[in-house]
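These notes concern the structure reproduced below.
Residue numbers (the UniProt record's numbering): 1 to 79.
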């Protein structure tokens, strides 16, 4: 069995996602978006979905799920 030490840190403004969030929403939630025929009505839903996923990818949210030990402020790194 292999053992390893891992300590992950992230800057406070990091966005953690597998790809650009906007690019992930369109194919990932296509059925929900296509259910709205009018483009002007679809765009607010798209923006709301992007905002919701963006919140999940922020450092303070992602540290609860991923192996990130702490969030650091870049200012603290300069000291």
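Glycine is no exception: its CB is placed at the ideal position from the N, C-alpha and C atoms.
Taking residue i and residue j to be in contact with their CB atoms under 8 Å, please state how far apart those CB atoms are, rounded to whole angstroms.
i: residue 46; j: residue 25; result: 6 Å
i: residue 21; j: residue 68; result: About 18 Å separates the two Cβ atoms, so there is no contact after all.
Where do the N-terminal and C-terminal ends of the beta strand (DSSP E) with residue i fall, by residue?
i: residue 72; result: 70-72
So residue i is in the alpha helix (DSSP H); what residue range does that whole segment cover?
i: residue 42; result: 39-57
i: residue 33; result: 30-34
So what does residue i bridge to, in DSSP terms?
i: residue 10; result: 71
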